[in-house]
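Numbering (the working numbering), first residue to last: 22 to 268.
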């Protein structure tokens with residue numbers, strides 16, 4: 022066979038894989054997560070300053086006033102809608118003794134801290150210095166006690182009194198005493214009912230004052246609000262005890 026008629030041999034051409042286009046190396050891979058930025062910390066709150074001596078004094082006075090007002094409310098006193106006018110008392114409500122007539126100085130109320138408006142204060146003690154008047158009264162009473170138990174040489178000793186037995190009561194006196202004992206529960210119930218009414222009126226007055234102060238919180242004094250809240254708590258405790266006694 023003629024070699025010129027033979028088909029040309031197929032030349033195998035091996036395709037060379039194209040080299041991938043070189044790309045600049047990126048620091049992040051497809052599966053890598055971006056670094057998280059630490060959360061910014063909120064600025065720390067400034068430390069509160071220590072309370073001033075005046076603030077501590079007002080707190081102590083408020084606690085003392087609440088305690089004394091609570092003790093008087095348990096005894097049937099009424100709290101008024103007025104505050105002590107003395108400059109050394111901060112928002113201390115006035116209280117009125119049961120059975121004391123309204124009108125006059127402070128509407129019959131007195132302060133549990135300085136004693137303003139009390140009976141001793143109304144007899145001539147100065148409102149600016151009630152402590153001086155009370156000290157004078159205490160010193161005078163102490164001198165009287167000393168003179169009573171230690172008489173002077175010129176003072177004659179009291180003559181001893183011979184004890185005598187009282188005669189037996191007459192039948193009429195016994196009957197009157199029995200009638201008085203029978204009426205004692207009625208008087209006791211009437212006194213409790215009067216105390217309940219006074220406590221309800223006091224609680225209503227305190228609620229109204231607290232509402233007025235809370236209407237403008239910018240100008241409201243926290244010490245006065247605290248005193249009102251503690252006084253309301255004392256009134257409610259006293260009211261619960263009085264109602265329990267009336268049952």
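All C-beta atoms, glycine included, are put in the ideal place defined by N, C-alpha and C. Just so you know, these numbers come straight off a predicted model, no measurement behind them.
Skipping 5 residues on each side, what residues in its chain have a beta carbon closer than 8 Å to that of residue 257?
Excluding its 5 nearest sequence neighbours in each direction, residue 257 has C-beta neighbours in its own chain below 8 Å: 224, listed in chain order.
Whole angstroms are fine: how far does the CA of residue 69 sit from the CA of residue 98?
Taking the straight line from one Cα to the other gives about 40 Å.
Just mark residue 254 as buried or exposed, buried being the case when its beta carbon has 16 or more other beta carbons within 10 Å.
Exposed: under 16 other Cβ atoms inside 10 Å.
Is the CB-CB distance between residue 245 and residue 112 below 9 Å?
Closer than 9 Å, so yes.
With 16 other CB atoms within 10 Å as the buried threshold, where does residue 115 fall?
Classification of residue 115: buried, given that the 10 Å Cβ count is 16 or more.
State the Cα-Cα distance for the pair residue 259 and residue 67, rounded to the nearest angstrom.
Distance from the CA of residue 259 to the CA of residue 67, rounded to the nearest whole angstrom, comes to 42 Å.
Nearest-angstrom Cα separation, counted from residue 216 out to residue 130
About 17 Å.
Counted within 10 angstroms of its Cβ, other Cβ atoms place residue 239 as buried (16 or more) or exposed:
Around the beta carbon of residue 239, fewer than 16 other beta carbons lie within 10 angstroms, which makes this residue exposed.
Any idea what DSSP makes of residue 231, helix, strand or coil?
Correct three-state label for residue 231: helix.
Drop a sphere of 10 angstroms on the beta-carbon of residue 235, count the other beta-carbons inside from all chains shown, and report buried for 16 or more, exposed for fewer.
Exposed, because fewer than 16 other Cβ atoms sit within 10 Å of the Cβ of residue 235.
Applying the 10 Å Cβ sphere with the 16-neighbour rule, what's the burial state of residue 75?
Within a 10 Å sphere around the beta-carbon of residue 75 sit fewer than 16 other beta-carbons, which makes this residue exposed.
Cα-Cα separation, residue 105 to residue 262:
One Cα belongs to residue 105, the other to residue 262, and the distance between them is close to 28 Å.
Leaving out five residues on either side along the sequence, give the residues of the same chain with a beta carbon under 8 Å from the beta carbon of residue 219.
Excluding positions up to five away in sequence, the list reads 97, 98, 99 and 119.
Tell me whether residue 99 sits in a helix, a strand or coil according to DSSP, three-state version.
It is a strand residue.
Reduced DSSP secondary structure (H/G/I, E/B, other) of residue 243
Correct three-state label for residue 243: helix.
Could you spell out where the beta strand (DSSP E) holding residue 114 opens and where it closes?
Taken as a continuous stretch (DSSP letters only), the beta strand (DSSP E) holding residue 114 covers 114 to 117.
When you compare each of 231, 72, 213 and 87 to residue 110 by their alpha carbons, which one comes out closest?
When 231, 72, 213 and 87 are compared, the shortest CA-CA separation from residue 110 is found for 87.
With 16 other CB atoms within 10 Å as the buried threshold, where does residue 139 fall?
When all chains shown are included, residue 139 counts as buried.
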